[in-house]
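K.L.:
Residue numbers (the working numbering): 111 to 221. Glycine included, every Cβ here is placed at the ideal spot set by N, Cα and C. This is the structure I want to talk about, given as structure tokens.
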DNA sequence: GCGTTGACGAGGA
DNA sequence: GTCCTCGCCAACG
């Protein structure tokens, strides 16, 4: 894990997110060992569509469960569409029962 | 090497 | 609960 660059670590964690689950930028930042760099997680996501294999960036939201990154999808509605396909309810660009769908990446990293 | 950039988060009002 | 401000730090030009 530590041999990878910060971006690659972020991508690796995001790819571990199970279908139908979501997590936050902050949680990912903690998982890669830089909890203060939550902003960089989002910054890294900017490049997520270029990386191979592609990362499920639609399963990453901010701590409020708000789909702040949807503007970076094309079309923006795609993010909500993908999540709803996985059984997650989106309302007003926000995930309902967020804590219920929340997935803690740090627990998977430590295994 | 430096200033800017951000899909963020915590804390205070 | 919301809104505003500040801190954070790797990548980019």
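Alpha carbon to alpha carbon, how far is residue 207 from residue 199?
P.N.:
Rounded to the nearest angstrom, the two C-alpha atoms are 8 angstroms apart.
K.L.:
Flag this pair as touching only if the segment 130-141 and the segment 203-221 have three or more C-beta atom pairs under 8 angstroms; answer yes or no.
P.N.:
Yes, the segment 130-141 touches the segment 203-221.
K.L.:
Below 8 angstroms on the Cβ atoms is my guess for residue 175 versus residue 204; work out the distance and round it to an integer in Å.
P.N.:
Contact holds; Cβ gap of about 5 angstroms.
K.L.:
Taking a contact to mean a Cβ-Cβ separation below 8 angstroms, would you say residue 218 touches residue 126 in this structure?
P.N.:
Contact: yes.
K.L.:
For residue 160, does the count of other Cβ atoms within 10 angstroms reach 16, so buried, or fall short, so exposed?
P.N.:
Exposed, by the Cβ-count rule.
K.L.:
Taking just the CA atoms, how far does residue 202 sit from residue 165?
P.N.:
If you take the alpha carbons of residue 165 and residue 202, they lie about 24 angstroms apart.
K.L.:
Can you tell which of 221, 170, 158, 185 has its C-alpha closest to the C-alpha of residue 118?
P.N.:
Out of 221, 170, 158, 185, 158 has the C-alpha closest to the C-alpha of residue 118.
K.L.:
Who are residue 201's beta bridge partners in DSSP?
P.N.:
Note: residue 201 sits in a beta bridge opposite 204.
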